[in-house]
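Scroll down for the structure; my scribbles are underneath it.
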Amino acid sequence: MKNRITECRHRGLSLRAVISLFLLGASMLLTFSAVADQKKQDGDPETLVAQANAAYLKGRYEQAATLYTAVVHEIGISAELLGNLADSYAAAGQIGLAVLNYERALLLAPSNADLRASLAQLRKNAGLFRAKSLPEQLAELLGADQWLLISGTAFVLLALTVLVVGVIGRKRCPWARQLNFLFLTATLLPLPPALLRYQAWQDGVITAPDARLLISPFAEAEAVGSVKTGSIIHPLHKEHGDYLLVRDEDRRSGWIAQTSFQRIANIEQGRHNFAQTTEIQKTQPDLPNVRSESILHFNALEQSPVPRKIQHQNKEKI
Numbered sequence: 429m430k431n432r433i434t435e436c437r438h439r440g441l442s443l444r445a446v447i448s449l450f451l452l453g454a455s456m457l458l459t460f461s462a463v464a465d466q467k468k469q470d471g472d473p474e475t476l477v478a479q480a481n482a483a484y485l486k487g488r489y490e491q492a493a494t495l496y497t498a499v500v501h502e503i504g505i506s507a508e509l510l511g512n513l514a515d516s517y518a519a520a521g522q523i524g525l526a527v528l529n530y531e532r533a534l535l536l537a538p539s540n541a542d543l544r545a546s547l548a549q550l551r552k553n554a555g556l557f558r559a560k561s562l563p564e565q566l567a568e569l570l571g572a573d574q575w576l577l578i579s580g581t582a583f584v585l586l587a588l589t590v591l592v593v594g595v596i597g598r599k600r601c602p603w604a605r606q607l608n609f610l611f612l613t614a615t616l617l618p619l620p621p622a623l624l625r626y627q628a629w630q631d632g633v634i635t636a637p638d639a640r641l642l643i644s645p646f647a648e649a650e651a652v653g654s655v656k657t658g659s660i661i662h663p664l665h666k667e668h669g670d671y672l673l674v675r676d677e678d679r680r681s682g683w684i685a686q687t688s689f690q691r692i693a694n695i696e697q698g699r700h701n702f703a704q705t706t707e708i709q710k711t712q713p714d715l716p717n718v719r720s721e722s723i724l725h726f727n728a729l730e731q732s733p734v735p736r737k738i739q740h741q742n743k744e745k746i
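To convert, count from 1 in the sequence shown and add 428; that's our numbering.
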């Protein structure tokens, strides 16, 4: 009788132990799952985009810029994303960073009239507006790679025309000379604007508020003059220590501290700190945590939000 009672007690204890272990395991699994979901949600690009949009509409422009930057480093760059980032900086009064990101967006989408108009309006409002020559305006219609694509296509057609004429004879191709001239012209004409666009890739934008052009590469040197934040500078490929020889938009040459500007083509410059983004999300609980693929692009001329779509893509550098 005692053996049966003892056996029943042992079975009861074993059953309770199994149930306790099962409940403990289920609780730990749910906890880990919730933490993983929260981490995934915090770094989810669509969530960051929705929060950036909401921050922008609430007038929290610097927070919107931080969140848009996080999206750029999470899924890669696009003209729309960089345009929204530029809008946020412009609204926050950070003219240099706004011009920088508009210029970067236009490297990806040189024919985007909306971005170009927003940049022109911003530069005009900031006293940076400069009338461009006709060759510059024509060159900016396309990117360097697009001009080279036109030239390369025309060259292939020229080679094919010469090959066909050589096979069937010039007498049977009275139009060969005109075609050769046309394709040769189409090969050569895109090269100057392609060169201009390529040179623009080397340019930088002044982002420091107190940048100065110096007559020599030393901090104590006399200044040629100051350079407004948001101005474009062209490096002359001569460095000395922390200084670089440049030419500004007024054709003045001088030395400038390399910390005073950022190169337009160097989009990966300055990795974003995701801990800062997560901290913003935690301290702003009223920002809606909704999923959306649309981001707002702010037209500086119309002063109205325009929804745009962004595509998930691999990171790319330009």
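A virtual CB, placed ideally from N, CA and C, is assigned to each residue, including glycine.
message: Using 8 Å for Cβ pairs, my map puts SER579 next to ALA622. What's the rounded Cβ distance?
response: 7 Å
- request: Consult DSSP for SER546 and reduce its assignment to one of helix, strand or coil.
  value: helix
field: Endpoints, beta strand (DSSP E) assigned at ALA651
entry: 651–655
task: Grab the span of the alpha helix (DSSP H) containing ARG532 for me, first residue to last.
output: Where ARG532 is concerned, the enclosing alpha helix (DSSP H) stretches over 523–536.
Range of the contiguous alpha helix (DSSP H) that encloses ILE660: Note, ILE660: premise wrong, no alpha helix (DSSP H); beta strand (DSSP E) at 660–668.
message: Please state whether the Cβ-Cβ distance between LEU576 and PRO620 is less than 8 Å.
response: no
message: Using a 10 Å radius around the Cβ and a threshold of 16 neighbouring Cβ atoms, would you call SER539 buried or exposed?
response: exposed
query: Does the beta carbon of ARG532 fall short of 7 Å from some heavy atom of the ligand ADP?
result: For the structure depicted, the ligand ADP is absent and the ligand set is empty, with no information on it obtainable.
query: Do ASP670 and GLN686 have their C-beta atoms within less than 8 Å of each other?
result: yes
field: Chain-order list of residues whose beta-carbon lies under 8 Å from that of LEU624 (same chain, five-residue window excluded)
entry: For LEU624, same chain residues with a beta-carbon under 8 Å away, outside a window of 5 residues either side, are PRO563, GLU564 and ALA567 in chain order.
field: Environment of GLU667 [buried if 16+ CB atoms lie within 10 Å]
entry: Label assigned to GLU667: exposed.
query: Per the contact definition of three or more C-beta pairs closer than 8 Å, is the region 497–515 in contact with the region 472–488?
result: With contact defined as three or more Cβ pairs closer than 8 Å, the region 472–488 and the region 497–515 are in contact.
query: What is the DSSP secondary structure of LEU607, reduced to helix, strand or coil?
result: helix
field: Cβ pair VAL754, LEU664 closer than 8 Å
entry: Since the first residue of the chain shown is 429 and the last is 746, residue 754 is not available in this structure.
message: Assuming the contact rule is C-beta atoms closer than 8 Å, PRO645 and TRP683 should be a hit. Round their C-beta distance to whole Å, please.
response: 4 Å
field: Boundaries (first-last residue) of the beta strand (DSSP E) holding GLY511
entry: Looking at the DSSP string, GLY511 is not in any beta strand (DSSP E); the run it does join, the alpha helix (DSSP H), is 507–519.
- prompt: Between which two residues does the alpha helix (DSSP H) harbouring ILE643 extend?
  reply: First-last for ILE643: undefined, no H or E at that position.
message: With three or more C-beta pairs closer than 8 Å as the rule, is the region 510–521 touching the region 482–492?
response: yes
query: Just curious, the beta strand (DSSP E) that GLN630 is in, first and last residue?
result: Unbroken run through GLN630: none, as it is neither H nor E.
- request: Using alpha carbons as the reference points, say which of SER561, ASN529 and LYS560 lies closest to SER546.
  value: ASN529
- prompt: Under three-state DSSP, which class holds ILE684?
  reply: strand
task: Report back the beta-carbon spacing between GLY658 and ARG551 to the nearest angstrom; my notes put them in contact at under 8 Å.
output: Confirmed, about 7 Å.
message: Can you look up ALA647 in the DSSP assignment and give me helix, strand or coil?
response: coil
task: Quick one: using the 10 Å Cβ neighbour count with 16 as the cut-off for buried, is ILE523 buried or exposed?
output: buried
message: When you compare the CB positions of ALA507 and ALA537, do they come within less than 8 Å of one another, or not?
response: yes
message: Please return the same chain residues whose Cβ sits closer than 8 Å to the Cβ of ASP465, not counting the five positions on each side in sequence.
response: Since pLDDT at ASP465 reaches only 45, below the 50 mark, its modelled position is unreliable, and the value read off the structure follows with that caveat. None.
- request: Give the straight-line distance between the Cα atoms of ARG656 and VAL592, rounded to the nearest whole angstrom.
  value: Note on residue identity: the sequence assigns Lys, not Arg, to residue 656. Cα-Cα distance, rounded: 57 Å.
task: Consult DSSP for ALA554 and reduce its assignment to one of helix, strand or coil.
output: coil
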